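Structure, as structure tokens:
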Ligand SMILES: CC(C)(COP(=O)(O)OP(=O)(O)OC[C@H]1O[C@@H](n2cnc3c(N)ncnc32)[C@H](O)[C@@H]1OP(=O)(O)O)[C@@H](O)C(=O)NCCC(=O)NCCS
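Residue numbers (our numbering): 52 to 211.
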């Protein structure tokens, strides 16, 4: 896989928005190409894109400046339809983790409870369910909070 993970620049915004807007997952929240562009331009935190041969194939939006009990949070992970199932999502996730664990031992994310592809990826990567949050974002949809931890906050030794 020739995929590289880099910070998003202006010229990546449309491609990153297309990754978010492709497929039904974010469309359930009313996000289309236009609103995904707005979301990316207004988002606080860090945005990383996965690129293959210069083209954006995936995107992650995350915060690593939160406070206890949610110091690091992956807000959006999306891989363009047609590019899924070849390791891009996992590569983005591991990039976010490496960044998050420089600050502390926990990374949190939310996933809609019927999103089986994403849940399978997260559980394989060591995320454990914290609990369900019914109608958290949209009435009738349940978001499940997940956490991947390297251990207790007290005594955590940051990687070099
Ligand atoms: C969830 C998502 C980011 C995963 O990205 P991806 O690039 O497809 O994932 P990967 O290729 O890294 O797959 C990693 C693992 O996830 C699982 N997986 C993910 N998508 C899968 C699919 N469509 N079919 C089968 N397995 C899948 C597999 O177990 C895979 O393991 P493998 O390496 O043994 O094949 C991607 O499917 C996506 O963008 N979905 C729509 C948006 C979304 O749901 N975002 C997450 C919101 S919480």
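Ideal Cβ positions, reconstructed from N, Cα and C, are used throughout, including at glycine.
None of these values were measured; they are calculated from a predicted model.
**Message:** Closer than 7 Å to a non-hydrogen atom of ligand 1 - does that hold for the CB of residue 179?
**Reply:** no
**Asked** If you draw a straight line from the C-alpha of residue 171 to the C-alpha of residue 164, how long is it?
**Response** 11 Å
**Asked** Secondary structure at residue 199, three-state DSSP: helix, strand or coil?
**Response** strand
**Residues near residue 84 by beta carbon distance below 7 Å, same chain, minus five either side** = 68, 69 and 72
**Message:** Tell me which residues pass a beta-carbon proximity test against ligand 1: closer than 6 Å to any heavy atom, given in chain order.
**Reply:** 74, 76, 128, 129, 130, 135, 136, 137, 138, 139, 140, 141, 162, 166, 168, 169, 171, 172 and 175
**Request:** Could you please give me the residues that DSSP links to residue 194 through a beta bridge?
**Result:** 163 and 184
**Request:** Evaluate residue 167 with the Cβ neighbour count: other Cβ atoms within 10 Å of its Cβ, from every protein chain shown; 16 or more gives buried, anything less gives exposed.
**Result:** exposed
**Asked** With 16 other CB atoms within 10 Å as the buried threshold, where does residue 199 fall?
**Response** buried
**Request:** Below 8 Å on the Cβ atoms is my guess for residue 207 versus residue 155; work out the distance and round it to an integer in Å.
**Result:** 6 Å
**Request:** Please name the residue or residues paired with residue 103 in a DSSP beta bridge.
**Result:** 54 and 106
**Request:** Consider the Cβ of residue 147: report whether some Cβ of chain C lies at a distance smaller than 8 Å.
**Result:** Here chain C cannot be found, since the structure has a single protein chain.
**Expected contact under 8 Å - CB spacing of residue 151 and residue 204 to nearest Å** = With 8 Å as the limit, residue 151 and residue 204 do not qualify as a contact, their Cβ atoms being about 13 Å apart.
**Item:** Collapsed DSSP secondary structure at residue 173 in the structure displayed
**Value:** helix
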